[in-house]
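Visitor: One structure is given below, represented as structure tokens, and several questions about it will come after.
Residue numbers (our numbering): 6 to 303.
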């Protein structure tokens with residue numbers, strides 16, 4: 006490929022993570038093309054690598070202690086859940102770190118106890134299990150889209166805290182993350198998915214209605230937080246308009262909440278309070294702005 010063609014092609018693609026770091030010390034030479042990368046990208050990659058090493062330390066420590074971890078990832082469509090999960094699990098041993106992303110229930114599962122198909126995937130000794138969407142489908146997506154009845158939704162909101170209390174008391178470390186994205190940024194990400202052939206698989210009929218039902222999702226989010234934000238199993242809200250910053254802070258929150266061998270300083274794992282918001286603070290914000298939907302964060 007000619008040099009001009011290479012440069013034209015490069016404009017249409019996004020560099021993979023680690024490319025900037027690996028190329029940082031490269032020298033000019035034959036058959037090489039110079040690429041300009043923002044300093045912020047290099048800083049991000051350096052910080053991410055440091056945190057991923059800490060995650061590996063955590064996993065090693067969990068294998069010795071038998072600690073069980075369950076992390077629930079929720080939020081609006083295109084809020085950045087999948088990208089964060091990918092960075093968390095990138096270098097972990099897949100035998101002990103699994104991502105559970107269940108499809109819609111089949112005919113048999115529809116007749117089971119609602120939580121049954123999720124409890125089959127709860128962590129055993131030394132396992133770090135991530136739910137990429139979870140039983141909280143029944144708190145937001147299902148009622149908004151008409152996939153469950155009001156009675157089923159209300160029953161779920163009463164039962165979920167009881168189940169989570171049992172899990173925590175049994176020794177499972179439970180994280181509940183809600184990724185909060187603004188309406189305008191969500192639209193930008195949807196448009197990006199349409200334009201990028203590598204992201205077409207992310208487009209679903211539910212996604213197409215996310216903007217239309219934005220306010221309804223806000224109401225359901227408020228109900229969910231009100232009923233299920235408990236001392237034993239609190240929600241952690243992650244402001245995710247900037248996906249890279251959201252990823253780093255989510256990982257920092259996990260690491261800062263766990264004890265493990267060889268842990269770096271507390272200062273290096275301190276999340277940004279503008280990005281990591283407690284469930285109770287999010288509820289206060291929503292209570293204050295319920296009559297002003299445009300002021301509500303996603």
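All C-beta atoms, glycine included, are put in the ideal place defined by N, C-alpha and C.
To the nearest angstrom, report how far apart residue 244 and residue 298 are at their CA atoms.
Guide: Residue numbering aside, residue 244 sits at position 239 when the chain shown is read from its first letter. Residue numbering aside, residue 298 sits at position 293 when the chain shown is read from its first letter. If you take the alpha carbons of residue 244 and residue 298, they lie about 17 Å apart.
Visitor: How is the beta strand (DSSP E) around residue 183 delimited, first residue to last?
Guide: Position 178 of the chain shown, counted from the first residue, corresponds to residue 183. First-last of the beta strand (DSSP E) with residue 183: 177-185.
Visitor: Could you tell me how far apart the beta carbons of residue 77 and residue 139 are, in whole angstroms, since I believe they sit closer than 8 Å?
Guide: Counted from its first residue, the chain shown places residue 77 at position 72. Counted from its first residue, the chain shown places residue 139 at position 134. Going by Cβ atoms, the distance from residue 77 to residue 139 rounds to 5 Å, so yes, they are a contact pair.
Visitor: In the structure shown, what three-state DSSP assignment does residue 100 receive?
Guide: Looking up residue 100 in the chain shown gives position 95. Note: residue 100 maps to coil in three-state DSSP.
Visitor: What are the partner residues of residue 224, as DSSP defines its beta bridges?
Guide: Numbered from its first residue, the chain shown carries residue 224 at position 219. The partner list for residue 224 (beta bridge, DSSP) is empty, contrary to what the question assumes.
Visitor: Please go through the same chain and pick out, in chain order, the residues whose beta-carbon is closer than 6 Å to the beta-carbon of residue 252, but skip the five residues on each side of it.
Guide: Numbered from 1 along the chain shown, position 247 holds the residue referred to as residue 252. Result list for residue 252: 89 and 92, in chain order.
Visitor: DSSP state of residue 132, grouped into three classes?
Guide: For the purposes of this step, residue 132 is taken as the residue at position 127 of the chain shown. Three-state result, residue 132: coil.
Visitor: Using the DSSP secondary-structure output, state which residues sit across from residue 120 in a beta bridge.
Guide: Stepping through the chain shown from its first residue, residue 120 is reached at position 115. Answer is none; residue 120 lacks a bridge partner.
Visitor: What ranges does the beta strand (DSSP E) occupy inside the segment 8-96, keeping only unbroken runs of at least 3 residues that lie completely in it?
Guide: Whole beta strand (DSSP E) segments, 3+ residues: 73-80.
Visitor: Comparing alpha-carbon positions, which option in 177, 84, 153 and 148 lies nearest residue 124?
Guide: Indexing the chain shown from 1 puts residue 124 at position 119. Considering only alpha carbons, the answer is 177.
Visitor: Can you name, in chain order, every residue of its own chain whose Cβ lies under 7 Å from the Cβ of residue 195, other than the five neighbours on each side?
Guide: Position 190 of the chain shown, counted from the first residue, corresponds to residue 195. Counting only Cβ-Cβ distances below 7 Å, and skipping sequence neighbours, we find 83 and 212.
Visitor: For residue 120, which residues in the same chain have their Cβ closer than 7 Å to its Cβ, ignoring the five residues on either side in sequence?
Guide: Position 115 of the chain shown, counted from the first residue, corresponds to residue 120. Result list for residue 120: 140 and 168, in chain order.
Visitor: Out of 272, 181, 57 and 128, which has the shortest C-alpha to C-alpha gap to residue 86?
Guide: The residue given as residue 86 occupies position 81 in the chain shown. The shortest Cα separation from residue 86 among 272, 181, 57 and 128 belongs to 181.
Visitor: Residues in the same chain with beta-carbon distance under 7 Å from residue 46, minus the five sequence neighbours each way, listed in chain order, please.
Guide: Here residue 46 refers to the residue found at position 41 of the chain shown. Closer than 7 Å at the Cβ level, and outside the excluded window around residue 46, lie 25.
Visitor: Compute the distance between the beta-carbons of residue 102 and residue 94, then report whether it is under 8 Å.
Guide: As a first step, residue 102 is located in the chain shown; it is residue number 97 there, counting from the start. As a first step, residue 94 is located in the chain shown; it is residue number 89 there, counting from the start. Contact flag set, yes.
Visitor: With 16 other CB atoms within 10 Å as the buried threshold, where does residue 185 fall?
Guide: The count along the chain shown starts at 1 and reaches residue 185 at position 180. It is buried - the Cβ of residue 185 has at least 16 other Cβ atoms within 10 Å.
Visitor: If we count the other Cβ atoms within 10 Å of its Cβ and call it buried at 16 or more, is residue 223 buried or exposed?
Guide: As a working note, residue 223 is residue 218 in the chain shown. Buried, because 16 or more other Cβ atoms sit within 10 Å of the Cβ of residue 223.
Visitor: Give a yes or no on whether the minimum CB-CB distance between residue 122 and chain B is below 8 Å.
Guide: In the displayed structure, chain B is absent; only one protein chain is listed.
Visitor: On the three-state DSSP scale, how would you describe residue 324?
Guide: The structure shown does not extend to residue 324, since the chain is modelled only from 6 to 303, so the question has no answer here.
Visitor: Are the CB atoms of residue 60 and residue 179 nearer to each other than 8 Å?
Guide: Against the chain shown, residue 60 aligns to sequence position 55. Against the chain shown, residue 179 aligns to sequence position 174. No, Cβ-Cβ distance for residue 60 and residue 179 is not below 8 Å.
Visitor: Under 8 Å by Cβ, that's how I've got residue 302 and residue 187 pegged, so tell me the actual separation to the nearest angstrom.
Guide: Here residue 302 refers to the residue found at position 297 of the chain shown. Here residue 187 refers to the residue found at position 182 of the chain shown. Going by Cβ atoms, the distance from residue 302 to residue 187 rounds to 7 Å, so yes, they are a contact pair.
Visitor: What are the boundary residues of the beta strand (DSSP E) that includes residue 154?
Guide: The count along the chain shown starts at 1 and reaches residue 154 at position 149. Here residue 154 belongs to no beta strand (DSSP E), and DSSP marks it neither H nor E.
Visitor: Within 10 angstroms of the Cβ of residue 258, are there 16 or more other Cβ atoms? Answer buried if so, exposed if not.
Guide: For the purposes of this step, residue 258 is identified with residue 253 of the chain shown, where counting begins at 1. That one is buried.
Visitor: Could you tell me the distance, in whole angstroms, from the CA atom of residue 189 to the CA atom of residue 81?
Guide: Residue mapping note: residue 189 aligns to position 184 of the chain shown, counting from 1. Residue mapping note: residue 81 aligns to position 76 of the chain shown, counting from 1. Those two C-alpha atoms are separated by around 13 Å.
Visitor: Suppose the cutoff is 6 Å on Cβ atoms and the five residues either side in sequence are ignored; what does the same chain contact list for residue 147 look like?
Guide: Here residue 147 corresponds to residue number 142 of the chain shown, with the count starting at 1. Same-chain partners within the cutoff: 153.
Visitor: Going by DSSP, what residue range makes up the beta strand (DSSP E) through residue 283?
Guide: Here residue 283 refers to the residue found at position 278 when the chain shown is read from its first residue. Where residue 283 is concerned, the enclosing beta strand (DSSP E) stretches over 281-283.
Visitor: Should residue 198 be labelled buried (16 or more other beta-carbon atoms within 10 Å of its own) or exposed?
Guide: As a working note, residue 198 is residue 193 in the chain shown. Label assigned to residue 198: buried.
Visitor: Residue 137 bridges to which residues according to DSSP?
Guide: Locating residue 137 in the chain shown gives position 132, where the first residue counts as 1. Answer is 78.
Visitor: On the criterion of 16 or more Cβ atoms from any shown chain inside 10 Å, does residue 6 qualify as buried, or is it exposed?
Guide: As a working mapping, residue 6 is identified with position 1 in the chain shown. Confidence is the limiting factor: at residue 6 the pLDDT is only 49, short of 50, which leaves the residue's position unreliable and the question unanswerable from this model.
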